[in-house]
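Residue numbers (the numbering used here): 298 to 369. Worksheet: one structure, shown below.
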């Protein structure tokens with residue numbers, strides 16, 4: 298669940314790994330906006346900066362990176 302303090306808590310990609318730009322060479326991550334799995338409303342989706350952890354909202358037709366996850 299996203300909140301306005303720019304964090305999702307333990308278990309989130311940014312809070313555990315920090316600026317993903319540090320992993321660009323090894324893993325190919327970019328320090329850009331990534332889609333969240335949480336919709337903001339019917340036409341917009343939350344996005345998260347993997348450089349800063351900042352939360353924003355993009356139109357679902359907009360451009361952002363994606364990453365996959367698996368619950369363990």
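A virtual CB, placed ideally from N, CA and C, is assigned to each residue, including glycine.
- In this structure, the alpha-carbon of residue 333 lies about 23 Å from that of residue 323.
- The alpha-carbon separation between residue 355 and residue 344 amounts to approximately 7 Å.
- At the C-beta level, residue 353 and residue 330 come within 8 Å of one another.
- Looking at the DSSP output, residue 353 shares a beta bridge with 344.
- Excluding the 5 residues flanking it on each side, residue 328 has same chain C-beta neighbours closer than 7 Å at 316, 317, 318, 347, 348, in chain order.
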